[in-house]
Structures are given as structure tokens and as C-alpha cells.
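One structure is given below, encoded as C-alpha cells.
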Amino acid sequence: MPPYSARGEEGRGKRHRAVIVGVAPYTGGRNDLPAVRHNLRLVAEALTAEGTGVLDPADLVLIPGEGEGEGKGKGESEGAGKTGAVDPLQVRAALRAARDEVDGLLIVYFAGHGIVRPDGSDLHLLFTSSRVTRDRQHPFVDTLSWRDDVMPELSKARADWVVAILDCCFAGNALQAFNPAVGQNFALLTAAEPGVEIPPGDPSAGTEFTVRLHRLLTRRAGAGQPATFTRLVTEIREAMAPLKAVDGHRWIPEERRHGDDVLLAVPGGGGSGALPAEGEREPRPTGEPVGAQGVVRRPSVVGRRWLRPGLLGLVHRVRRRASSSHQPVRRRAPSLHRPAPGSVPRGPRSRRARMTALGLLGAVVAAGVAVLMSGGLPGGASGDCPPAMELRVLTDPDLRSTVKKAADAYMERGDGCRAVGITTYDAKATDAVAALRSSSLWQDPPATCPASGDCLRPQRDVGAQPDIWIPAAGSAWRRVMDDGQAKDGASVPASSAGAGAKGEGGAEGEAGERVVSLKSLGSVAFTPMVLAVPLSVPMAEAAKTGYPLGAIVAALRDAQRPGRSVSVLRPDPEGTDGALLATEALYGSSGAGAASALEQSMAQALRPMPGTARELMCALADGSRNRLEDGAAVLVPEQTMAQFNQLPAHLGRPACATDTLEGRAAYYPSDVPVLDLPFLRVTWEDAGRDAKARDREVTRFHEWLANDPQAQEFFVQDGFRGVRDGEPVPPAETSPLRSGPNGSAVLRSIPPTTGSKATAASLSATLRRYRQALGPGRVLYLLDNSTSMADKRVWEGPGRAKELVTRSMGSLGAGDTYGVWSIASRKGADVVPFGRHGRAAAQKAVAGARTADVDARVVGGLREGFATLRDGPAGEDPPRLLVLVTDDEDSRDLTKKELADLVALAERAPPVRVVVVSLRSSGCTSGRLNAALTAATGGRCLDLADDMETELTAEVAKTGTGDAE
């Protein structure tokens, strides 16, 4: 059969559509993809190009719309395009509309980040606010699963043909879930094979795959053959063959097809399908090796870009006007279709019309040449501008917004040629440290990863090799140096040993050498870490300065209102430098066993923990956690607190802030260092090309950031304290630190920090304790199997004891240590011995457990359970949980002394959290064993008034590392 054509008889009169999605900005921890902004234009041009396109402009749905410079598509909401943000619900709505309305050709294109599970399954498309959490069952938030969300919609489409094109990392993994409906014509083209990550593309041109796809679809005249899907697959593979994907992988687009074939372009436009000639400008593939700096050199294209779309577009308009002004008006029925393939519009018919067109064309060309010769291009740029020096700036996630605004302003200074181009991106603090410790892995990543999928890959985890690093604190620099001995301004020797077999980020795998030198040029701003306490909590003013964090937290506990506890929260310490410094002070002030107890209490209040200070404050303000809006003290940078304290009318107030979020006052711990925002020059070994010029531009940028009033204003207006002679500057009256509630909530001068002992070694130890506190965990179930459990019909069946235990075991993973003891028997008659198990076998053993005709040994079981959970290797501090499932028949008659002794035992270190499941009404009455144990350990008491199945599973999930939500 001939290929399906939307322009042919089979497609005439039908509805066609292309849903074109490009996600460039990301706020959930992923790097932005500026190249994707160009992809929207390229795909739209390819599908609607005059003479070759198979669709009309009215058939396009562009997401985002014209706010980013692209045409606004059907159904595009106002405002979405203004920021370039893309929401998964918006995309899903567009897919559903196309599924129901299109009966001809449906094309779906996506460009952005893609991510898969550790086993390579279930490709998820990431959008602006997408996040990755620690939830093993549902790790991806605000994403669309190709398997569960996108493919099911497209498989139900009414369209004659569906074509999907994916330009993202791991796009090839979508092939695993390619399951069209029976008899459905469906084709899927992916940018690469399964498991392959691809480079982010040229920010000035587009991604490598889409640039070549555009060229192959629009340049068909010389080929003499239409671009069917099958022919296009062959051509795109040939075009991509010279390139390399991330980590040196071969770059081979993949496809799946169900049906005959479909036409995606017709031969009729200008140009050819061949690669550009020698002199034609073409963006250099970002996937190719480009030297130690990773910097791609490109000739200036300012003049060319202005001439082609502006001057030539004007010429075409002149020709059309000349043509139309001398032709009779012809009325015809409206049509959504272009002329048949091979037909061309007729030009001016009279000699006078031709002369008019040629005269206007000559005048326009002459004017264009005069402009080019005089150097008068838009924006003050000149046609002979040399290529700008490319600088890459890596920052802490808490700093990126401010640093990016300053960097953008730096590039736009002056009216002449741009001297430098700056890309600003961020990475988790631990990922940045690990990557710089083993910086050779940027150029030579490990060939294989362990079975867990975790290995150190700087290009994936951080991004391109930086020229400048601006962490939030100098402690990050010391962690890279790994000795903490050098003073600010010293250099790290090149080629020193790497981080060992285990990187800072905790990812096991091959380590590399350090092939960078780091030199501090000085701070660009300052902000202290503060404990931001709700204004409604009556804390003493004297506690604001001069006290370590532990003392301030103790004062907070004393000041909390009756019946309304105040939680202490901080962002994920793996995410930002400030959160790690605060975590070290928290752990140090709480003694042995502090990590697991603190992390358990934070998990009770908020889970998962946000990665940045801003995200944490947004989580408090989102309305779903009303108790935290005015019931959580948060450890965040002063500038973040100040921004959220602003009044609603203030321009600097974050968009996520709400009126119900209570203002907070700053308390300055004496043992948490000030964030000093050091500007570090990153010099790569053997990167001799342009080394002097690069150092010169890096130095100039630092001098501007640190000394220019315009640059400092970006930091000041975002709540930072400026810098003068290397020291923080007190905030002026115009600073957000002095306006609104901040006037009384913030101190004018930063108090001295005298008790901090943060070193590279101590911070690494803090990270180890933090990771241990998150699991794998130790969980012990005490299962009351006395005959009264059977007599009361609470032993087996839905919602009964055994089913509650087996269901909650879904929260336990292979790395957890756990057991199930029957306590109506002698010790040793364990249902599941304490250790590591396969979950299915353990659940089967519980399902087969039997009752015993003896009383339950509740007190003895609790004592032995505490001892077992606390027994373990010295120095380890895993989360520990004791679960008692009982009908309370054998614990009613405890004496006051027995109860007091048990509570004292429960309160000992290391901490063990207790959850009691009472299978009778009023089993959690105050003053009895269940309530006393859970209150003493920060645990939970569940009785028949609760949804015990869901709640117990959730409680075990806070300790285990299984699949439960």
C-alpha cells in the first residue's frame, strides 16, 4: 500500500494535529534545557514548511505557547508561555483532546528530560516542577509515565495514523511499552537506544536530534522522494552516526512501527536532504569530545540570523504583495490543504509587476548590505563579532536564581559585541563535591555501574564541566580538598587522589582522579543560617544570639504552646550546603543516637524532605499541611526567610507564599557557620586552549559580582547581605531585610559564630549518619498469638492481626533487618527470625502462624525486643522500630512500677520508636501502657478508630526501605 498522506485522498477533509511539547525550564532539581526552546520552532517549521509540510499552522498545538517566542497553540493557557513552564496536566489534557478529536494524522513530539527506574523500566517524561523522591513505589512526582499515562491515551486515539517522536534521555526505553491497539497504525521514533542519555544540545540552535530531523524533513527537493517514516529512520540514523551520546555511547535513533507507512514530508521545498556544505554554518554536536574544558567554539551567527528571518522574510512579503496586487480576486471555497505536491505558486504575471518586485527587492537588499557594512545590527551587535567566550557557572541550588539573574545582566552590558556567554546551573551539594573530587570522570566515566545502578557520573548528576563554582559555603570547597587545612585562596593540587571507592554522594562505583585546581577569588555575598521560628511562639529575645543551636531548640520546646508542639525542620542535607551545616549542629547538640531520632521526628512531620530551603518554605505554605504553616521552626538561610516574610504586594515575595503562612523571626545559632558564597575559579588539567583569556574573563566576572553596585543589587534585593572588602555589609533601608516583618525579625549585623567545628571530616561523618538514619532500618514485630486473639476474632482475616502485619511488610526491603516474634510462647519460637529476608517468604510465614493456649508475654517480649533492636555494630545508627500487635488482654494488670520501668527502658539510647496496634476499642487511652510507650518514644498508637491497615504500613515505611508510599 502507498504511505498514508494527510495531503492525499485518504486524509482530505479530516482533522489532523501535532501536539508539540518542549520543556526548557526546570525547578525540581534538573538543569534547564535552553536548546529545547528552539526545538518547538524547528518541529513546527518542519511540519508546516511551504511545499514540504504535511500539516497547516492551524493544526499545531505548541506547549508552551507564544510567551516564549513560539506560536500559541490550541488550548494553550495564558501565562504558561510567559515563563516557559510546562505542567503535566496541561499536556495530558492536550493528548486527551487530540485522542478524541483527530481522525486523520496525529503527531506527538516531546523534548525535555526523561528518567527511568533503576532497572531501566517505565520511562517518565519530566516537566517544569517534576521531582524525584525516595519513595520506592512512586519516586517521580509531577511527571507522565510513557507506559501508564501517554501510551494508554494514544492507543485509544481515533486517528488514522499516530506518530510519536521522543527527544529525551532514555527515550529508547519507551520501546519496552510500545503496545498499540489491535489494527492501529502507530509509529514511534526515539532519539536514541534504550539506556542511553543524550547531550542537552546547542542553546543557540536546538538539540542535535531535532536539528537534523528538521533538516531532513524540510530539504526534500533534491532527494526526489517523500519522507516516509521508514525512509526517515534510515536517514536520521545516517545523520546521527558521526555523533556520540553521553559517556561516549553510540548515538543510534530507534523506532517501532505498527502498520504500513506514513508520509511526514513531501518533495517540494528548496535545498536538499544532504548534510550542510563545507561553508554552511551548523551547530557543532555537543556530544563530541571538545577538550578538557568541554567548551564548544562557534563562529558568530548574529548577522546571519538577522538577515535570514528578517531581510529574506521581507523580500518574500514584497514578492507576494507584488504578485497579489496585479492578480484578479478569485473566490473559492476555503480549504485547510496546501496545493498538491509538486505545484508551485505563480509569480507576478505582468512585466510591470515583475519590475516592481525586482525594484523593491533591490532596494531591500541594498539597505541590508549597508546595515551589515556599517555594523548596525539589532542589539548593537556587529556582523564581524568574534565568538564569545563560553563560561559555565555551577552553583548551590539555594543560590541559582540570584546568580543567574546577575550573570544574565553581566552578558547584556554594553552595546557592542558580547565578550562572554554564561550558562548558570546548579546541582545537589553532595553531587557537586563528589564530581569535583573525582573530576576525571567528567571526561572518562566508568564503563559499567554496579547492579544497583548507582555510580558517579558527573555529566549526568551535575552537568557540563564548570569554569566557576559558587557553592553556598567555603565548607564545600574544603570537602573537595578533603583535608580542610588550606586557607582561602590556596589551590587544590591537580591530579591528587580522588574520593576513593565511595563518592561523597554515596554512590558506589569506580572513582576517578582530581584533575582540577580550585582557587577562591573571594565572597560575592553573605547570608547566615537561622532557625526561623513562627512569630506566634513566645521565644525570649535574648535567645536570638550567643547560643548554640541545641540551646535554641531546647528553648523552643519550652516555649511551645500546650497541646501544640513545634516541629524543627530543615531541607535535605544532601541538597544544599546550608542544610548540611545545620544538620551537623543538630546532631552535635543531641548526643548519641541523635540522627535516627531527629530524622524520624522530621519524617513524622514532613515526608519526603524538600531538597532546598525555598522548596521547604513552599511546602509549608501549600495549604495541605496547615499545622506546619505556623507550627514549624525551619533551619534556612536568612535570605530565604526574609523573602517569605515579605508582604503580599512586595515584588520579591515568592509566588508559592500564601497569606496563611505565618511570618517568622530569625534566631542565629552560634555553632552554624555563615554562608559566605565563595567564588571559585575551576582550572582543568591540560586545558591549555585559551587558558589566559579564560582566567581573565573569570576574574572580570568575579570583580563585577563582588564590586559593581549593579551586580550587588541583585543579591541585596534577594535578601542577601552584600560584600565590601571581603566582609558582609549591614542591610540598607531599601533591603528586604529591613522592610515589612523583617524589620524586627532580622538583626542588622550578623552575630559571630564561635562554636562551629565544621571540617571536611566532620561533615562527611554527618552525611554518613544522615544516610544511616534513613535506612536500611531495623524492625521487630511482637505478635500477640494468645487464644484470646482467636476468641475475639482479631487473629486472621481482612484487617486482623496477621493481615495487618503481612500488609505492612510491603514497606520493608531486602536491605532491612526485621523479624516477627510470637509472644504467647517461649523465646525462640519465632515466626520470622530477626535478620534479612525475602519478603514473600516472610509474609508466607506470618500467614501460617498459629495461636497458643498460653498468656502473651508482653512485658518480657518488650524487654527482649528493645535489647535486640539496640544490639548492633558500634557507630551505626539505623532507624529502629518496635511494633506491638495485641488485643491488650494480657497487659491490663501492669503495676505502676512495671509501667514506669518499661517507659524508662523505652526512653534509653539508642532510640527505638514504638508503634502499638491495639485490636480493641479505646486501646490508646491515656495513662495505659500503649499510650505511655508511644508517647515516650515519639511513636504512634493505633486502635479500631484508625485506618489501621494504611496507617501501620505508613509507619513501617518511615523505617523500612520497601515499596510502600
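Using UniProt numbering, the letters of the sequence shown correspond one by one to residues 1 to 965.
Glycine residues also receive a C-beta, built at the ideal position from the N, C-alpha and C atoms.
Keep in mind the model is a prediction, meaning the values are calculated, not measured.
- CA-to-CA, the gap between P534 and V634 works out to about 9 angstroms.
- Check the Cα spacing between S918 and each of P562, Q443, V858 and D260: the tightest is with V858.
- For the pair N173 and L213, the Cα-to-Cα distance works out to about 20 angstroms.
- CA-CA distance, V162 to A239, rounds to 24 angstroms.
- Excluding its 5 nearest sequence neighbours in each direction, M789 has C-beta neighbours in its own chain below 7 angstroms: W795, A801, T851 and D887, listed in chain order.
- Around the beta carbon of N179, fewer than 16 other beta carbons sit within 10 angstroms, so the residue counts as exposed.
- Sequence-distant partners of A157 (beyond 5 residues in either direction) whose C-beta falls short of 6 angstroms from its own C-beta, in its chain, are R99 and L106.
- In the structure shown, W469 falls within a strand segment according to DSSP collapsed to helix, strand and coil.
- The beta-bridge partner set that DSSP reports for C656 is empty.
- In the DSSP secondary-structure assignment, L189 is bridged to I165 and E255.
- By alpha-carbon distance to S922, the top candidate from R892, T950 and E951 is R892.
- In this structure, P878 is the residue among T395, L804, P878 and A706 with its C-alpha nearest to the C-alpha of T817.
- Taken through DSSP and simplified to helix, strand or coil, V805 comes out as helix.
- In the structure shown, H38 adopts helical secondary structure according to DSSP, grouped into three states.
- In the DSSP assignment, the residues bridged to T817 are R778.
- Residues E803 of the same chain have their beta carbon placed closer than 7 angstroms to that of G797, with the five preceding and five following residues left out of the count.
- Taking Q465 as reference, the option from V956, W442 and G259 with the minimal CA-CA separation is W442.
- Rounded to the nearest angstrom, the gap between the Cα atoms of P731 and G195 is 50 angstroms.
- Within the model, the alpha-carbon separation for R793 versus E876 is close to 41 angstroms.
- Contact annotation: S670 and T787 have beta-carbon atoms that are not nearer than 9 angstroms.
- DSSP, read as helix, strand or coil, puts D202 in strand.
- For F110, the uninterrupted beta strand (DSSP E) segment begins and ends at L105 to A111.
- In terms of Cβ geometry, Q600 and P736 do not form a close pair [threshold 9 angstroms].
- With a minimum length of 4 residues, the unbroken runs of alpha helix (DSSP H) contained wholly in the segment 617–701 fall at 626–629 and 638–645.
- Excluding the 5 residues flanking it on each side, R738 has same chain C-beta neighbours closer than 6 angstroms at P731, in chain order.
- If you ignore the 5 residues before and after L399, its C-beta comes within less than 7 angstroms of the C-beta of I470, A472 and L677, all in its own chain and listed in chain order.
- DSSP, reduced to helix, strand and coil, places M539 outside both helices and strands of the structure shown, so it counts as coil.
- Of the candidates V266, F701, F229 and A554, F229 places its Cα closest to the Cα of D260.
- The Cβ neighbour count for L942, taken over all protein chains shown within 10 Å, is at least 16; the residue is labelled buried.
- Secondary structure at T759: coil, using DSSP grouped into helix, strand and coil.
- Annotation for T545: Y668 and P751 place their beta carbon closer than 6 angstroms to its own, counting only its chain and skipping 5 residues before and after.
- For G797, there is no enclosing beta strand (DSSP E), as DSSP marks it with neither H nor E.
- Ranking L675, R870 and D444 by CA distance to the CA of G248 puts D444 first.
- Annotated three-state conformation of S567 is strand, per DSSP.
- If you look at S811, you'll find it isn't in any beta strand (DSSP E); DSSP assigns it neither H nor E.
- Around the beta carbon of V568, 16 or more other beta carbons sit within 10 angstroms, so the residue counts as buried.
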